[in-house]
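Beneath this line is the structure, given in structure tokens, with notes to follow.
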Amino acid sequence: MNCARRLARITIRGFAPYATVTARESAKCLNPYGSGVQTLRAFHAGFGHLKDQSVSRGDGHPRHEGSLVTHDSLFEQAAVEARTKAMFNRVLEVFVRKDIRRRGHVEFIYAALRKMPEFGVERDITVYNKLLDVFPKEVFVPRNFIQRMFNHYPRQQECAVQLLEQMENYGILPNVETKVLLVQIFGEKSHPMRKYQRLMYWFPKFKHTNPYPVPQDLPQDPLDLARLSLTRVAADPDACVTVYQMPSTDVSETIVADVSLPYVVGIQSPEQRSLLAKHNASRPVFVEGPFPLWLRKTCVYYYVLRADPVPPEEKVQEPVDPERSFFYPLELDLDLERDLGDDDSFDVDEVEEGPIFAMCMASRGDQATLAKWIAGLQQTNPVLGRAPTLFRLESVSREIQRAGESEPGAEPGLEEEPPHRQAMKQ
Amino acid sequence: MSLNRLVLFSKSVRCKNLLTPLIGQFRSVTTIQSQRSFRTYARNLVYAKDLFLGKVNKAEVFPYPEIDKEELEEIKQFVGPVEKFFNEDVDSKRIDHEAKIPSETLNGLKELGLFGMQVPEEYGGLGLSNTMYARLGEIISLDGSIAVTLAAHQAIGLKGILIAGNEQQKAKYLPKLAAGQHVAAFCLTEPGSGSDAASIQTRATLTEDGKHFLINGSKIWISNGGLADIFTVFARTEVVDKDGQKKNKITAFIVEREFGGVTNGAPEDKLGIRGSNTCEVVFDNTKVPIENVIGEVGGGFKVAMNILNSGRFSMGGACAGMIKKLIELTSEYAGTRKQFNKSLSEFGMIQEKFATMALNAFVMESMAYLTAGMMDRPGMPDCSVEAAMVKVFSSEGAWICVSEALQVLGGLGYVKNYPFERFLRDCRILLIFEGTNEILRMYIALTGMQYAGKILTGKIKEMKKGNVGVVLQMLGKKVRESVSSTVDLGLTGNDGVVHPSLADSAKKFEENVYYFGTTVESLLYRYGKTIVDEQLVLKRVADVLINLYAMTAVLSRASRSISIGLRNHDHEVLLANTFCSDAYFKNNFLMAQLQKNAPENNDDSMKKIAKEVLEKRAYICSHPLERTF
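Shown next as structure tokens:
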């Protein structure tokens, strides 16, 4: 009927690969009309699929040309107005309402998937479900064993798999609605359904594999971000964060950047403090950095205060004071060592590193700023007043910087470069 | 029969040996006590330590120590009035509620002489032996607050003067302390220092004239801190040692409140023993004359150790006294309360609780008086390991028993109208003070390991070197053991010391001791001196040793009872046999856990669990209702 007419029209256009698909699409429009027709059509569809596959392997993506343009432009028109979720949803609604047969929905979905990050909805499960909802229901569900055996409506299945894959890449876990939709569209044992099941098997398992999870939304305030980063680097619940200098900007001056005070935030644990107290004041301590720390797509830099490892001749093993414990001996006066068979320690070549006494983050990495940190530390660690402090500051490679900044969601201003850094390779 | 006679004979021999010269000179019992400082020969008692070598030094613990008739009469004279006083004049409920011991009660205690029980008669005390002290402790423990107040006064507070003070100090302070005119307190613990002497911050500095020390610092959790007039204070002093280096060492001082600069904080509000006064004591430039140093300057550590080690044995008697009282109170309830037309006492699970209580009381009592008897022997024997074992066993037993008694009573035990909840609160402290049980387990195990290690080092080194002779000797011994299958350490049989009705238990004990010896040897072989770091191993070693010592005590006591025909000795034999077989299986399990790669041993997993929890400082499992999708 209608379908045959359209087929003829498309063939005239000479767009063969696309023709099969559209033919199949028109076939599904007929599905509700009767089982007799259905079997016939299904067989036809199966044939179409084979042809389609061979073609799609041949030239990959460019086959979407033509009709894609219109779908992309739909989104681009919307983007002119506003790039929001509501707008994205409206585009979907417009498409669904435009044509009851949802002609070209596969292309539309591909286009939508590509446009999702632009609209900021790439992590929104409801949008994905809405996008799945664009597929017509029940027509792609195989009805007999032959259909089930062969790849039934491969382009549609592939498209749905692509959609699930994008969800996977963004770490979005499908929900029950997704499952219901997939069952309605492709049936229980389709490829998208398998993909869904695999996602549901592996995703929950991997959800908490990171023992040090980074919050999804990093704090906006650079001070809070510095606190978060420093506690993360220190990994010691006893360590306490101190703000040595609050950021402030003197607005009355004309050149704002020169008079703004950079923030200086440091962290030190009691253990580090006692290590520092034991530090031999005749040996220098070093302020080193900046070292990068990646928090999702943001890169921040921190500085450490460290010293060289204690030379072996200075290491004195303090003998255990026999008058130390009131209740039990702290060591036995025996000439017996641990048996080899019970020595569970591994034989590892260990390279000893110097102790790290404190860490800090500052919005400016010049020596003057970091000296404020050392001055602040000196109040609780008097040894710093006696030991020479050397600043060994390097410049950060711009590549890393850019990577951090160009990503959406990166903290602007945080990675602002200290003035004296030269362009140096990493 | 022959064994009976033998036991009696050996006992009489011992009594003659030990007491004859003394009785010859002094008639009364108390003079024997004061004569305890008359050191004829320094005997080193090593019963518990010998067990580490798989040896039973039976002469030390068999027969069960006893006091002679005059002493018994005298103690009975003491016990009567004290018991009467505690039953009639002590209102424990009020003491607990008001968190204060009323002054008339304190006066009553002073009149009875209970403030100077172990102070020699020449200084106005009662001059009681350790055995008699333990006996009175049984009664005093009926009120936890009073027991702790008295213990803080004389078991630790004035003990420093008693054991390490010079004649002038004794003459100056002991009479008033013994009479209760002055109350003593022991000031060791500080905010930053529990058992670690290195973190003691209180300082004593010599004044310029060299005649006084100025003490500065604060001490926390001082029992009697608010009442005391005399304090035994431990502070750091600068001492020049042999190589001319200045060192900070601990010194013990007698500090009078009158010296000035002594203030105390408000009494702590505690869970139990609420009537005892516990508070912070602050010394601010307290001027102490140099004569008030106990022992020598810089010798405070030993003084503190000796005081702490000497006081522990009495807890056995105290706990036993409390449990005996509890049994009386709860059995009355169990006999009268009816459910389903049966009295509670007919239910198996209730009966089991009473059996547990009786067993525990019996074992504690046996251990306490065995230890006290050993300590009363001439020559100031070192029984600190034994005393620590008594403390650990009895404090834990008491906690279990009070809990069981409460369970028998059900809801009644939980309300404040009845004394049971107070007993429960009071006895919780027993596991904590005078050295926590964990620390004492370390002490028990390490002391023994040190002793055994000294003796076994040579042999183990030979074995490690692969000396064929030693290894063959070991193998031969093993083969012989496996063939003969029973271990005989001489407790039973021809020259045995255990009554035949306890022979099975004695065999079990011997087997345990033998395998304990081999276990210790293999532990030393495996860990050497690094065993100090294997706390879970040491805990098991200590537990086995405590069980062994408890078995010794009950075997010895029951043998004596049956031999001299004490009333209800058959019950004692039953208790002893039950306890021994129970302890035997526990020991076997513990020693199986101590073997290398034992499947029973979960230590590594336990350590790992703890590590993961402590890393996060929280329970880290997800909530069971959590979901990931």
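Chains U and S, in that order, give the protein sequences.
One point on numbering: in the working numbering, the residue at position 390 of the first sequence is 453, and numbering is uninterrupted.
One point on numbering: in the working numbering, the residue at position 530 of the second sequence is 1966, and numbering is uninterrupted.
The beta-carbon is built from N, C-alpha and C at its ideal position, and this holds for glycine as well.
query: Near-chain S residues of the region 374-388 of chain U - C-beta to any C-beta below 8 Å; result: 384, 386, 387, 388
query: For residue 357 of chain U and residue 283 of chain U, the rounded distance between their alpha carbons; result: 15 Å
query: Between the CA atoms of residue 1938 of chain S and residue 1565 of chain S - distance to the nearest angstrom; result: 30 Å
query: Beta carbon proximity, residue 399 of chain U to chain S, threshold 7 Å; result: yes
query: CB-CB length for residue 1597 of chain S against residue 1609 of chain S, believed under 8 Å; result: 6 Å
query: 7 Å Cβ cutoff, residue 2060 of chain S in contact with chain U; result: no
query: Given 8 Å, three or more beta-carbon pairs between the region 369-384 of chain U and the region 1724-1731 of chain S; result: no
query: Residues in the region 1952-1963 of chain S having any Cβ partner in chain U nearer than 7 Å; result: 1960, 1961, 1962, 1963
query: Contact with chain U by residue 2042 of chain S, beta-carbon distance below 7 Å; result: no
query: Interfacial residues, the region 1864-1892 of chain S to chain U, with Cβ spacing under 9 Å; result: 1871, 1872, 1875, 1876, 1877, 1878, 1879, 1880, 1881, 1882, 1883, 1885, 1886, 1889, 1890, 1892
query: Close beta carbons around residue 1820 of chain S, own chain, < 7 Å, minus the five adjacent residues each side; result: 1745
query: Selection of the region 405-424 of chain U by Cβ proximity to chain S, strictly under 7 Å; result: 405
query: Any chain S beta carbon closer than 7 Å to residue 195 of chain U; result: no
query: Contacting positions in the region 1718-1746 of chain S - beta carbon closer than 7 Å to chain U; result: 1737, 1740, 1741, 1744
query: Residues in the region 253-282 of chain U having any Cβ partner in chain S nearer than 9 Å; result: 263, 266, 267, 268, 270, 271
query: Reduced DSSP category for residue 331 of chain U - H, G, I as helix; E, B as strand; rest coil; result: strand
query: Close Cβ partners of residue 1963 of chain S (< 8 Å) along its chain, the five nearest in sequence each way excluded; result: 1970, 1973
query: Any chain U beta carbon closer than 7 Å to residue 1965 of chain S; result: yes
query: Backbone secondary structure at residue 2077 of chain S - three-state DSSP; result: Residue numbering for chain S in the displayed model covers 1437 to 2065; residue 2077 of chain S lies beyond these limits and cannot be assessed.
query: CB contact below 7 Å: residue 181 of chain U versus chain S; result: no
query: Residue 1966 of chain S versus residue 1978 of chain S - alpha carbon distance; result: 17 Å
query: is_contact[residue 245 of chain U, chain S] using C-beta, thresh 7 Å; result: no
query: Counted within 10 angstroms of its Cβ, other Cβ atoms place residue 333 of chain U as buried (16 or more) or exposed; result: exposed
query: Residue 1996 of chain S: first and last residue of the uninterrupted alpha helix (DSSP H) it sits in; result: 1971-2000
query: Listed by chain order, chain A residues near residue 391 of chain U by CB distance under 7 Å; result: No chain A is part of this structure, whose protein chains are labelled U and S.
query: Neighbourhood of residue 1947 of chain S by C-beta distance below 8 Å, restricted to the same chain and skipping five residues each side; result: 1922, 1923, 2020
query: Chain U contact for residue 2065 of chain S (CB, 7 Å cutoff); result: yes
query: Distance between beta carbons of residue 1992 of chain S and residue 1497 of chain S, contact taken as under 8 Å; result: 5 Å
query: CB of residue 197 of chain U within 7 Å of CB of residue 190 of chain U, strictly; result: no
query: Three-state secondary structure (DSSP) of residue 1896 of chain S; result: helix
query: Residue 1943 of chain S versus residue 1504 of chain S: straight-line alpha-carbon distance, rounded; result: 31 Å
query: Secondary structure of residue 1666 of chain S, DSSP reduced to three states; result: strand
query: Alpha-carbon spacing of residue 1849 of chain S relative to residue 1859 of chain S, whole angstroms; result: 10 Å
query: Interfacial residues, the region 1610-1638 of chain S to chain U, with Cβ spacing under 8 Å; result: 1624, 1631, 1632, 1633, 1634
query: Under 8 Å from the C-beta of residue 333 of chain U: neighbouring residues of chain S; result: The contacting residues do not exist; residue 333 of chain U stays about 13 Å from chain S at best.
query: Own chain partners of residue 1568 of chain S with C-beta closer than 6 Å, once the 5 adjacent residues on each side are dropped; result: 1511
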